[in-house]
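A short write-up of the structure that comes next.
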Amino acid sequence: MKLSHYFLPTLKETPAEAQIASHRLMLRAGLVNQETSGIYTWLPLGLKVLENIQKIVCEEQDRIGCHKVLMPTIQPAELWKKSGRYEAYGKEMLRITDRHDREMLYGPTNEEVITDVVAQYVKSYRALPLVLYQIQWKFRDEIRPRFGVMRGREFLMKDGYSFDLTVESATETYKKIYEAYLRTFNRMGLTAIPVRADTGAIGGNLSHEFQIVAPTGESTIYYDVQFDTLTPEQMTFDRASTLYAAADEMHKPEDCSVPVGQLKEARGIEIGHIFYFGTKYSEPLGAKVTTQDGKTIPLEMGSYGIGVSRLVGAIIEASHDDKGIIWPEAVAPFKIGLINLKAGDTKADTLAEGLYTQLRTAGIDVLYDDRDERAGTKFADMDLIGLPWQVVIGNKTIDTGMVEIKYRKTGDKQDVSLDKVIELVR
Ligand code: P5A
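Residues in the sequence shown are numbered consecutively from 636, following this note's numbering.
Laid out in structure tokens, this is it:
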């Protein structure tokens, strides 16, 4: 992509309304634009990150045998009256009336809809276990939308729903998804701590929140220091469950048996939340199957959420410096920023164009700053948008064929010849 023809509205000034780094940087780097409180337009660069995150989420869901669906954002109130949540959900639910005076709502979550689908089509134990998931926009009329996409009103969620015959099988499914979540976050460069949580508006008996430690997090978490030393391979359900980790007021340290010196208190950003709630929805919505010995029983269910749009903010909170964002490679909007310091100079333009074509032919996503701008502006913009690698074409390239490559994360620079660039970034 050539920057001269791209839509990347970066801001020089720090927007006054943004209180935390990720919100400031998302606005300054031209990732999103706020339309009204808690509602955003995703601009090209931000959308690329959002899509990269979705891809990782889907790959890890598909790997464990979950099936992707897409449910509507608008739901009939009737289903929520059956589950008993229509009144209980309160003011956070955006209620809509259609032209025939039928009550509708913009879905804050989809337990009712998916249970209704499964109730219609799944009649036998042979179809189980079954996990269906989607990535879809949700609306929650949060009383205090803040921190940009971190607590939005309209936000993108991955929501999965599991259906099992027995409690044992449902527990196995829960563990499998729990571990898939840890892998998912790991691939994005995040170490998530699974903490025991309350089931809140979703209801049920077993629940974990996936929290990443960040000073700007909205939750208080307490966790065993041993979490900080576990490798990704050691982070299994069985291992992590032996260590204390809990969130919110319900789980003050005095309620647990971990020695004081071994417990850490930190702020956390909740990037995922999973629930096991048995027959809470299957019973009222009629999701029942016939067992092997001919009995009809309601399905054992769980639901599993990832804050996909929140993750964009969370990743930035975890990875930035005073100059801007530092994208982990797996989610970066482009892998390389190619800077032509001598744009307009025929020789420099030819060299830059050549490298640009070569990189693209090699399947490497590159943003080429071909603008007629000062070097300082180009460097500052590139640092701000945080692409993993910067490749600089300048006088040196014209004279000797050498380019400067900078690794954004460490700031390390080295000179390499033009034909070695691909090898190095690979
Ligand atoms: C699980 C999937 C649920 O809704 N039902 C379907 C269950 N869980 S949850 O914890 O309420 O939400 C799941 C994740 O969504 C993110 N999230 C938000 N992101 C941005 N803005 C919001 N207002 C918001 N509310 C929830 C969180 O990451 C949460 O873990």
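Every residue gets a Cβ at the ideal spot worked out from N, C-alpha and C, and that includes glycine. All values derive from a computational prediction rather than experimental measurement.
Q. Using DSSP with H/G/I as helix, E/B as strand and the rest coil, what is PRO933?
A. The residue given as residue 933 occupies position 298 in the sequence shown. Three-state result, PRO933: strand.
Q) What residue range is occupied by the uninterrupted beta strand (DSSP E) comprising LYS915? A) Counting from one through the sequence shown, the residue named residue 915 turns up at place 280. Where LYS915 is concerned, there is no enclosing beta strand (DSSP E), given that its DSSP letter is neither H nor E.
Q | Those residues which DSSP pairs with ASP1050 across a bridge | A | As a position in the sequence shown, residue 1050 is number 415, starting the count at 1. Note: ASP1050 sits in a beta bridge opposite GLU1039.
Q: Leaving out five residues on either side along the sequence, give the residues of the same chain with a beta carbon under 7 Å from the beta carbon of LYS758.
A: Taking the first residue of the sequence shown as 1, we reach residue 758 at position 123. VAL924 and THR925.
Q) At a cut-off of 7 Å, is ILE974 close to the ligand P5A when judged by its beta-carbon and the heavy atoms of the ligand? A) Within the sequence shown, numbered from 1, the residue matching residue 974 stands at position 339. Flag unset: Cβ of ILE974 not near the ligand P5A.
Q: Would you check if the distance between the CB atom of LEU1002 and the CB atom of ILE1057 is smaller than 8 Å?
A: Looking up residue 1002 in the sequence shown gives position 367. Looking up residue 1057 in the sequence shown gives position 422. No, the Cβ-Cβ distance between LEU1002 and ILE1057 is not below 8 Å.
Q.
Counting C-beta neighbours from all protein chains within 10 Å, is the total for GLY852 16 or more, i.e. buried, or is it exposed?
A. As a first step, residue 852 is located in the sequence shown; it is residue number 217 there, counting from the start. Under this definition GLY852 is a buried residue.
(Q) In this structure, how does DSSP classify VAL752 when only helix, strand and coil are distinguished? (A) Your numbering for residue 752 matches position 117 in the sequence shown. If DSSP states are grouped into helix, strand and coil, VAL752 belongs with the helices.
Q | Classification of HIS908 by the beta-carbon crowding that lies within 10 angstroms, buried from 16 upward | A | In the sequence shown, counting from the first residue as 1, residue 908 sits at position 273. Answer is buried; the Cβ neighbour count reaches 16.
Q. What do you reckon, is the C-beta of TYR939 under 7 Å from a heavy atom of the ligand P5A?
A. Counting from one through the sequence shown, the residue named residue 939 turns up at place 304. TYR939 Cβ: within cutoff of the ligand P5A.
Q: Specify, as a first and last residue, the run of the beta strand (DSSP E) that ASN821 falls within.
A: As a position in the sequence shown, residue 821 is number 186, starting the count at 1. Element bounds for ASN821: not the beta strand (DSSP E) but the alpha helix (DSSP H), 802 to 822.
Q. Is the beta carbon of TYR813 sitting closer than 8 Å to the one on HIS843?
A. As a position in the sequence shown, residue 813 is number 178, starting the count at 1. As a position in the sequence shown, residue 843 is number 208, starting the count at 1. Contact: yes.
Q. In this structure, does DSSP put ARG730 in helix, strand or coil?
A. In the sequence shown, counting from the first residue as 1, residue 730 sits at position 95. Looking at ARG730 - three-state DSSP - the assignment turns out to be strand.
Q.
Looking at VAL1027: is its Cβ nearer than 8 Å to the Cβ of GLU1039?
A. Here residue 1027 is taken as the residue at index 392 of the sequence shown, counted from 1. Here residue 1039 is taken as the residue at index 404 of the sequence shown, counted from 1. Yes, the pair counts as a contact, with Cβ atoms nearer than the cut-off.
Q) LEU878 and ASP859 look like a contact to me (Cβ under 8 Å); what is the Cβ gap, rounded to whole Å? A) To locate residue 878, count along the sequence shown from 1; it is residue 243. To locate residue 859, count along the sequence shown from 1; it is residue 224. Rounded, the Cβ-Cβ distance is 4 Å, consistent with contact.
(Q) Quick check on GLY942: buried or exposed, where buried means 16 or more other Cβ atoms within 10 Å of its Cβ? (A) Against the sequence shown, residue 942 aligns to sequence position 307. Under this definition GLY942 is a buried residue.
Q) For the ligand P5A, is there a heavy atom less than 7 Å away from the beta-carbon of ILE655? A) The residue labelled residue 655 in the question sits at position 20 within the sequence shown. Checking every heavy atom of the ligand P5A against the Cβ of ILE655, none is found closer than 7 Å.
Q: Determine the burial state of GLU727: buried for a count of at least 16 other Cβ atoms within 10 Å of its Cβ, exposed for fewer.
A: Here residue 727 refers to the residue found at position 92 of the sequence shown. GLU727 comes out exposed.
Q.
Does TRP1024 come out as helix, strand or coil in the three-state DSSP assignment?
A. The residue given as residue 1024 occupies position 389 in the sequence shown. It is a strand residue.
Q | Which of helix, strand or coil DSSP assigns to PHE862 | A | To locate residue 862, count along the sequence shown from 1; it is residue 227. Helix at PHE862.
Q. Closest to MET785 by CA distance: which of SER657, ALA978, ALA953 and ASP1054 is it?
A. The count along the sequence shown starts at 1 and reaches residue 785 at position 150. Minimum Cα distance to MET785 is reached at SER657.
Q.
Could you tell me the alpha carbon to alpha carbon distance between LEU729 and THR671, rounded to whole angstroms?
A. Sequence index remark: in the sequence shown, residue 729 carries index 94 (1-based). Sequence index remark: in the sequence shown, residue 671 carries index 36 (1-based). Going from the Cα of LEU729 to the Cα of THR671 covers about 15 Å.
Q) Under 8 Å, do ILE847 and LEU825 count as touching if we go by C-beta distance? A) As a first step, residue 847 is located in the sequence shown; it is residue number 212 there, counting from the start. As a first step, residue 825 is located in the sequence shown; it is residue number 190 there, counting from the start. Cβ atoms of ILE847 and LEU825: closer than 8 Å.
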